[in-house]
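**Q** Questions regarding the structure given below will be posed in turn.
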Amino acid sequence: MKRALVIALFAFGYPVAIVVIARYVPVVRQRRARWFAAHEAAVSAVVAGHALRSDARAVVVNGAWLVAGTAWYALGGRRH
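Residue numbers for the sequence shown follow our numbering, beginning at 1266 and rising by one.
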């Protein structure tokens, strides 16, 4: 059961996260809220999957991107 959940989390998380990250600069600049929400859900799924596998390094790396990506989006839409 746990293995199936991990696979489901990764099957959703990685493809969605990769697509959004590939377009992250326009997502931030154009304030694409739906894309950002998809990114947050996807990376959270990836972090949860790694946590279920007890892979602390992967949790830290992907969790750090989740925090950095959120900060970038929160601050990135402002131009002076």
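Glycine residues also receive a C-beta, built at the ideal position from the N, C-alpha and C atoms.
Could you pull the start and end residues of the alpha helix (DSSP H) that Ser1309 belongs to?
**A** Counting along the chain, the alpha helix (DSSP H) containing Ser1309 begins and ends at Ala1298 to Leu1317.
**Q** Thinking C-alpha only, which one of Leu1340, Gly1334, Ala1269 and Lys1267 is nearest Ala1302?
**A** Nearest C-alpha to Ala1302: Gly1334.
**Q** Which value, in whole angstroms, describes the spacing of the CA atoms of Val1290 and Ala1282?
**A** Straight-line Cα distance between these residues: approximately 14 Å.
**Q** May I have the straight-line CA-CA distance separating Ala1307 from Phe1277, to the nearest angstrom?
**A** Looking at the two C-alpha atoms, the distance is approximately 7 Å.
**Q** Would you tell me roughly how many angstroms separate the C-alpha atoms of Ser1319 and Trp1337, rounded to the nearest one?
**A** In a straight line, the C-alpha of Ser1319 is about 28 Å away from that of Trp1337.
**Q** Thinking C-beta only, is Val1324 closer than 8 Å to Ile1312?
**A** One detail in the question is off: residue 1312 reads as Val in this sequence, not Ile. Yes, the pair counts as a contact, with Cβ atoms nearer than the cut-off.
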